[in-house]
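Protein chains: 2
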Amino acid sequence: MAPILLNTMGTDHSDYIEEEVVHVKNPHLDSMEEDILYHFDLGTKTHNLPEMFGDIKFVCVGGSANRMRSFAQFIHQELGLPGDVADIMDICAGTDRYSMYKVGPVLSISHGMGVPSISIMLHEMIKLLHHARCRDVNLFRIGTSGGVGLAPGTVVITDKAVDSFFQPQFEQVVLGKVIIRSTELDKGLAEELLQCSTEIPNLPTAIGNTMCTHDFYEGQGRLDGALCSFSTEEKLEYLHKAYEAGVRNIEMESTVFAAMCHVCGLKAAVVCVTLLNRFEGDQINTPHEVLLEYQQRPQWLVSHFIKKRLGLIQ
Amino acid sequence: MAPILLNTMGTDHSDYIEEEVVHVKNPHLDSMEEDILYHFDLGTKTHNLPEMFGDIKFVCVGGSANRMRSFAQFIHQELGLPGDVADIMDICAGTDRYSMYKVGPVLSISHGMGVPSISIMLHEMIKLLHHARCRDVNLFRIGTSGGVGLAPGTVVITDKAVDSFFQPQFEQVVLGKVIIRSTELDKGLAEELLQCSTEIPNLPTAIGNTMCTHDFYEGQGRLDGALCSFSTEEKLEYLHKAYEAGVRNIEMESTVFAAMCHVCGLKAAVVCVTLLNRFEGDQINTPHEVLLEYQQRPQWLVSHFIKKRLGLIQ
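These protein sequence lines are chains G and S, in that order. With UniProt numbering, the residue at position 118 of the first sequence is 118, and numbering never jumps. With UniProt numbering, the residue at position 258 of the second sequence is 258, and numbering never jumps.
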């Protein structure tokens with residue numbers, strides 16, 4: 001195992017081809033003397049980013065800071081890395097906006113809830129990978145979601161990330177003008193993940209569209225928010241339309257994640273577990289221990305993928 | 001001081017008029033046997049919400065969990081309450097989605113970054129106030145922002161919360177349909193806060209419109225994101241248009257905060273400090289200690305307001 005990891009952690013990238021470098025799409029960045037990644041509490045003058053992050057090959061992101069710390073500890077064990085998991089420190093400890101953990105070639109970052117929160121993280125993470133001169137990076141969002149017609153605990157690999165109108169697009173406002181971006185994800189990565197899921201026992205997995213909303217209650221047709229102006233029937237009609245459009249789960253970050261990775265040429269996948277079946281209810285009342293187990297499922301899948309890629313398993 | 005606080009903390013609200021109760025706008029809630037406030041890790045069956053929260057009169061919210069803990073400790077000292085500030089515990093310790101601290105009649109809650117993140121918190125917070133049968137509650141968002149034509153460190157009391165097109169409205173998608181909501185804030189509260197600002201030395205304060213965007217980089221016309229497709233001139237043109245429309249600062253939560261409070265009949269105000277003047281740059285490179293001091297300024301203003309309302313100062 002050691003020589004394989006050493007390969008991925010080396011700093012000599014001369015054997016890689018230029019196309020696989022992480023690109024930013026901003027001509028202004030080159031002329032900046034310093035780049036402060038404010039919400040990470042990192043910067044190009046204060047930190048040696050190539051030395052700290054140059055060997056990163058897998059970036060895994062998820063909403064909860066605690067969950068992304070757990071994932072870092074889990075992947076440390078899975079990769080058989082030396083040292084104590086308790087010593088894995090939050091690289092962004094100087095701020096409470098996001099948490100970040102590095103474990104060998106894997107970076108684990110929290111992004112909070114919703115499109116704006118993950119978008120700030122993505123801007124700074126993509127710049128980080130660029131400044132660190134990372135190459136051949138795969139990105140995974142490992143999250144939680146509401147299921148549509150699926151048993152709770154099902155892992156959904158996203159085919160298309162769609163908006164509230166079931167369209168595979170993301171609306172970005174730039175200087176007061178609306179720009180539409182494609183939310184295309186990497187087909188190969190999704191298929192490879194689906195193959196991995198068949199190699200793990202007791203991991204119910206589906207591939208389908210993921211609807212990304214900007215609101216957890218009204219926007220997802222929940223009847224239990226502080227505001228609700230629709231009936232149970234209208235709610236179910238909307239969810240059935242979503243199901244007919246291929247939607248199998250609902251969360252709050254996938255469209256901007258897919259859109260930004262697509263623009264920057266980064267291979268990305270979304271893997272979310274369903275915590276409930278929205279045809280059957282709105283409240284998450286499953287026992288805490290069961291929910292914790294569900295939340296580990298996307299981690300198992302992505303960990304399996306990473307170990308295969310690193311040649312640790314066949 | 002003690003008798004005044006006891007008045008506000010009493011559980012006998014029989015002398016209040018019915019109109020001042022916190023209203024939810026959801027007919028389904030009454031028929032629910034239990035309401036689990038999932039992202040707070042609280043519920044109507046597991047917690048005695050009227051006993052825990054019935055005396056709340058002031059709810060203060062802000063993005064950062066650390067900052068809202070600091071605010072709780074600060075207001076504890078300001079109100080001269082008994083006990084050690086180190087004993088103020090996070091009520092939502094069972095989850096890392098939000099942090100919540102209660103100090104006498106003041107509730108301090110973090111909401112993360114962006115409209116979706118604060119909207120989940122607002123739904124559950126408004127339901128919490130409703131279940132706890134709170135009355136006469138004032139809400140304050142105390143946050144950070146980018147200034148437009150103002151010196152860094154200026155406190156902006158929001159007149160109108162406007163969107164990226166400078167309109168005082170919030171677009172909410174409900175079951176795939178777009179609904180427009182007013183972002184009207186309480187005029188009286190804003191005026192009372194402005195009066196308070198004149199009573200505090202060295203607190204530069206302005207009243208103006210606050211623009212709420214769904215993105216920190218492209219959406220706010222920053223040239224330093226991973227993506228940027230516009231020139232310095234186009235950026236400045238947009239910011240000047242914003243200034244002409246009365247915008248004095250830019251942040252990422254005010255429209256939905258104003259809209260949801262307005263629908264539920266809650267008196268609300270937005271008080272954000274500017275960390276930089278966007279006419280002069282995009283990066284936040286002010287020393288950490290200076291930023292920390294800036295971030296305390298909205299807290300001083302709201303604390304002064306609360307102390308006046310409680311009769312602790314004239």
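Heads up, the beta-carbon is just placed ideally off N, CA and C, and yes, glycines get one too.
Check	Outcome
So what's tyrosine 98/G in DSSP terms, helix, strand or just coil?	coil
How is the alpha helix (DSSP H) around alanine 242/S delimited, first residue to last?	232-244
Which residues in chain S have a C-beta closer than 9 Å to the C-beta of cysteine 264/G? List them in chain order.	Ala226 and Leu227
Nearest CA to the CA of serine 145/G: which residue from Leu139/G, Val156/G and Val137/G?	Val156/G
Taking DSSP as the reference, what is the three-state secondary structure of leucine 5/S?	Note that leucine 5/S has pLDDT 36, beneath the 50 cutoff, so the model's placement of it is unreliable and the number below is only indicative. In this structure, leucine 5/S counts as helix in the three-state DSSP scheme.
Comparing the C-beta of methionine 64/S with each C-beta of chain G, is any distance below 8 Å?	According to the sequence provided, residue 64/S is serine. The question's methionine does not apply to it. So yes, serine 64/S belongs to the interface.
How is serine 303/S classed by DSSP in three states: helix, strand or coil?	helix
Under three-state DSSP, which class holds threonine 274/S?	strand
If you measure from the beta carbon of aspartate 136/G to each beta carbon in chain S, is any gap under 8 Å?	no
Interface residues of chain G around serine 303/S at Cβ under 8 Å?	Here the premise fails: no neighbours, minimum Cβ distance about 21 Å.
Helix, strand or coil, according to DSSP, for aspartate 41/S in the structure here?	coil
Go ahead and label valine 24/S buried or exposed: buried means 16 or more other beta carbons lie within 10 angstroms of its beta carbon, across all protein chains shown.	buried
What did DSSP end up calling glutamine 167/S once you bin it into helix, strand or coil?	coil
Quick one: is threonine 213/S near chain G, going by C-beta distance under 8 Å?	yes
What separation, rounded to the nearest whole angstrom, lies between the Cα atoms of glycine 143/S and phenylalanine 216/S?	14 Å
Given a cut-off of 8 Å, decide if threonine 274/G and valine 115/G are closer than it, judged by their beta-carbon atoms.	no
Which of the three DSSP states, helix, strand or coil, is assigned to leucine 122/G?	helix
Pick out the complete alpha helix (DSSP H) segments inside the region 52-122 of chain G, 4 residues or longer, and give them in chain order.	65-78
Do glycine 147/S and leucine 175/G count as a contact pair if the criterion is CB distance below 8 Å?	no
Based on the DSSP output, what are the partners of isoleucine 250/G in its beta bridges?	Gly146/G and Met211/G
Are the C-beta of lysine 267/G and some C-beta of chain S separated by less than 8 Å?	no
Determine, using beta carbons only, whether glycine 146/G comes closer than 8 Å to chain S.	no
Is valine 137/G helix, strand or coil by DSSP?	coil
So, does the CB of glutamine 295/G fall closer than 8 Å to a CB anywhere in chain S?	no
Just list the residues that DSSP pairs lysine 177/G with in beta bridges.	Val174/G
Find the residues of chain S that neighbour serine 117/G, judging by a C-beta separation of less than 7 Å, and give them in chain order.	Gly112, Met113, Gly114 and Ser117
Under a three-way DSSP split, which group does threonine 198/G fall into?	helix
Give a yes or no on whether 8 Å exceeds the smallest Cβ distance from lysine 160/G to chain S.	no
Report yes or no: is there a C-beta of chain S within less than 8 Å of the C-beta of methionine 100/G?	no
Ignore the nearest five residues each way along the sequence and tell me which others in isoleucine 120/S's own chain have a CB closer than 8 Å to its CB.	His39 and Arg97
Does any residue of chain S bring its CB to less than 8 Å from the CB of aspartate 96/G?	yes
Please tell me whether valine 174/G has its Cβ less than 8 Å away from any Cβ of chain C.	The structure shown contains no chain C; its protein chains are G and S.
Just confirm the distance between the C-beta atoms of threonine 183/G and histidine 262/G, as a whole number of angstroms; I'd bet it's less than 8 Å.	7 Å
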